[in-house]
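Here the protein sequences line up with chains Z and R, keeping their order. According to the working numbering, the residues represented by the first sequence are 271 to 384, in order. According to the working numbering, the residues represented by the second sequence are 4 to 115, in order. Glycine included, C-beta positions come from ideal geometry on N, C-alpha and C. To keep things clear, I will list the structure first and then write my remarks on it.
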Amino acid sequence: NAGVTQTPKFQVLKTGQSMTLQCAQDMNHNSMYWYRQDPGMGLRLIYYSASEGTTDKGEVPNGYNVSRLNKREFSLRLESAAPSQTSVYFCASSDTGEWMNEQFFGPGTRLTVL
Amino acid sequence: AQSVSQHNHHVILSEAASLELGCNYSYGGTVNLFWYVQYPGQHLQLLLKYFSGDPLVKGIKGFEAEFIKSKFSFNLRKPSVQWSDTAEYFCAVNGGYNKLIFGAGTRLAVHP
Numbered sequence: 271n272a273g274v275t276q277t278p279k280f281q282v283l284k285t286g287q288s289m290t291l292q293c294a295q296d297m298n299h300n301s302m303y304w305y306r307q308d309p310g311m312g313l314r315l316i317y318y319s320a321s322e323g324t325t326d327k328g329e330v331p332n333g334y335n336v337s338r339l340n341k342r343e344f345s346l347r348l349e350s351a352a353p354s355q356t357s358v359y360f361c362a363s364s365d366t367g368e369w370m371n372e373q374f375f376g377p378g379t380r381l382t383v384l
Numbered sequence: 004a005q006s007v008s009q010h011n012h013h014v015i016l017s018e019a020a021s022l023e024l025g026c027n028y029s030y031g032g033t034v035n036l037f038w039y040v041q042y043p044g045q046h047l048q049l050l051l052k053y054f055s056g057d058p059l060v061k062g063i064k065g066f067e068a069e070f071i072k073s074k075f076s077f078n079l080r081k082p083s084v085q086w087s088d089t090a091e092y093f094c095a096v097n098g099g100y101n102k103l104i105f106g107a108g109t110r111l112a113v114h115p
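What follows is the structure, encoded as structure tokens:
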């Protein structure tokens, strides 16, 4: 099992450029998440998908869009990148039930917007 | 809204010292609580979790945490740290169905 995989690992963009971060999991989890990690702020939830076909906003959704392509894949798109979106982005997945279960994290994408 | 507060942003210890990292949360209902660790250059890994039952939970690598409901706390402890414990530690609480709320993290540096 590869667990949660993310591509790319690193990316540099110019302000206004667009890009899509890819995430895939092979654990047959229903739920998937996108976080950003900034120094001194921990991880903040951008968007999540409780199950295939559904997506919901998290704490910091502005400037991002997501697509739950199928059960395995959950992509994050920046339509017009801004320097404030310089961050490390983590994808995660979890099995679901009545109560929160452990989330499994990918290796992260380090994004710099110039 | 739920929130998680980690009091220590940076902790520096010598090897063999004891560790306690504070975590307080705000939520009046039933909670699930987690501690994650992020070693340098790596992704987050689960150290331990509390769902119900014994409030003293044991995790990997000799870590443990105690859930004190009356204090809304879930502090992480280790009796004797090693250089390899140098990492950033995150406390998290379930924030409603399928959502985790993370604290800001505590960077631990252990000197040989």
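(request) Note down the Cα distance separating Gly-328 (chain Z) from Leu-315 (chain Z), rounded to an integer number of angstroms. (result) Position 58 of the first sequence, counted from the first residue, corresponds to residue 328 (chain Z). Position 45 of the first sequence, counted from the first residue, corresponds to residue 315 (chain Z). Looking at the two C-alpha atoms, the distance is approximately 5 angstroms.
(request) State the Cα-Cα distance for the pair Gln-41 (chain R) and Met-311 (chain Z), rounded to the nearest angstrom. (result) Start at 1 with the first residue of the second sequence, and residue 41 (chain R) comes out as number 38. Start at 1 with the first residue of the first sequence, and residue 311 (chain Z) comes out as number 41. About 14 angstroms.
(message) Measuring alpha carbon to alpha carbon, tell me which residue in Z:Gly-286, Z:Leu-283, Z:Thr-277 and Z:Gln-307 is nearest Cys-293 (chain Z).
(response) Your numbering for residue 293 (chain Z) matches position 23 in the first sequence. Looking only at Z:Gly-286, Z:Leu-283, Z:Thr-277 and Z:Gln-307, the smallest Cα-Cα distance to Cys-293 (chain Z) is reached by Z:Thr-277.
(message) If I follow the unbroken beta strand (DSSP E) through Asn-335 (chain Z), where does it start and stop?
(response) As a first step, residue 335 (chain Z) is located in the first sequence; it is residue number 65 there, counting from the start. Counted as a single uninterrupted DSSP element, the beta strand (DSSP E) harbouring Asn-335 (chain Z) occupies residues 334 to 338.
(message) For Gln-295 (chain Z), would you say it is in contact with chain A, using Cβ-to-Cβ distances shorter than 9 angstroms as the test?
(response) Among the protein chains of the structure shown, namely Z and R, there is no chain A.
(request) State the start and end residues of the unbroken beta strand (DSSP E) segment that holds Gln-41 (chain R). (result) The residue labelled residue 41 (chain R) in the question sits at position 38 within the second sequence. Going by DSSP, Gln-41 (chain R) is part of the beta strand (DSSP E) stretching over 36 to 41.
(message) Taking 9 angstroms as the threshold (beta carbon to beta carbon), is Leu-49 (chain R) in contact with chain Z?
(response) Taking the first residue of the second sequence as position 1, residue 49 (chain R) is located at position 46. Taking Cβ atoms only, chain Z reaches closer than 9 angstroms to Leu-49 (chain R), which makes this a yes.
(request) Name, please, each residue of chain R whose Cβ falls closer than 7 angstroms to the Cβ of Gly-323 (chain Z). (result) Numbered from 1 along the first sequence, position 53 holds the residue referred to as residue 323 (chain Z). Those within 7 angstroms of Gly-323 (chain Z) in chain R number zero; the least Cβ separation is about 15 angstroms.
(message) On the CB-based measure, 16 or more other CB atoms within 10 Å of its CB, does Glu-368 (chain Z) come out buried or exposed?
(response) The count along the first sequence starts at 1 and reaches residue 368 (chain Z) at position 98. Unreliable positioning characterises Glu-368 (chain Z) in this predicted model, as indicated by a pLDDT of 49, which lies under 50. The coordinate reading is nonetheless provided below. Burial call: exposed.
(message) According to DSSP, simplified to helix, strand and coil, what is Ser-354 (chain Z)?
(response) For the purposes of this step, residue 354 (chain Z) is taken as residue 84 along the first sequence, with counting starting at 1. Three-state result, Ser-354 (chain Z): helix.
(message) Cβ closer than 9 angstroms: which chain R residues qualify as neighbours of Phe-360 (chain Z)?
(response) Locating residue 360 (chain Z) in the first sequence gives position 90, where the first residue counts as 1. Within chain R, the residues His-46 and Leu-47 have their CB atoms less than 9 angstroms from the CB of Phe-360 (chain Z), given in chain order.
(request) Could you work out which residue in R:Lys-72, R:Gly-44 and R:His-46 is closest to Ser-55 (chain R) when comparing CA atoms only? (result) Position 52 of the second sequence holds residue 55 (chain R). Closest option to Ser-55 (chain R), Cα to Cα, is R:Lys-72.
(message) Comparing C-alpha positions only, which one of Z:Tyr-305, Z:Ser-363 and Z:Ser-321 sits nearest to Ala-272 (chain Z)?
(response) Taking the first residue of the first sequence as position 1, residue 272 (chain Z) is located at position 2. Cα-wise, what sits closest to Ala-272 (chain Z) is Z:Ser-363.
(message) Any C-beta of chain R within less than 7 angstroms: which residues of the region 305 to 321 of chain Z qualify?
(response) Within the region 305 to 321 of chain Z, the residues whose Cβ lies closer than 7 angstroms to some Cβ of chain R are Gly-310, Met-311, Gly-312, Leu-313, Leu-315, Tyr-318 and Ala-320, listed in chain order.
(request) Please compile the residues from chain R whose C-beta is within a distance smaller than 7 angstroms of the C-beta of Pro-377 (chain Z). (result) Start at 1 with the first residue of the first sequence, and residue 377 (chain Z) comes out as number 107. Within 7 angstroms of the CB of Pro-377 (chain Z), the CB atoms of chain R belong to His-46, in sequence order along the chain.
(request) Given a cut-off of 9 angstroms, decide if Ser-321 (chain Z) and Ser-337 (chain Z) are closer than it, judged by their beta-carbon atoms. (result) For this step, residue 337 (chain Z) is matched to residue 67 along the first sequence. For this step, residue 321 (chain Z) is matched to residue 51 along the first sequence. Going by C-beta atoms, Ser-337 (chain Z) is not nearer than 9 angstroms to Ser-321 (chain Z).
(message) Going by C-alpha to C-alpha distance, which of Z:Asp-308, Z:Met-297 and Z:Lys-341 sits closest to Lys-359 (chain Z)?
(response) Counting from one through the first sequence, the residue named residue 359 (chain Z) turns up at place 89. Lys is not the amino acid found at residue 359 (chain Z); the sequence shown has Tyr there. Nearest option by C-alpha distance: Z:Asp-308.
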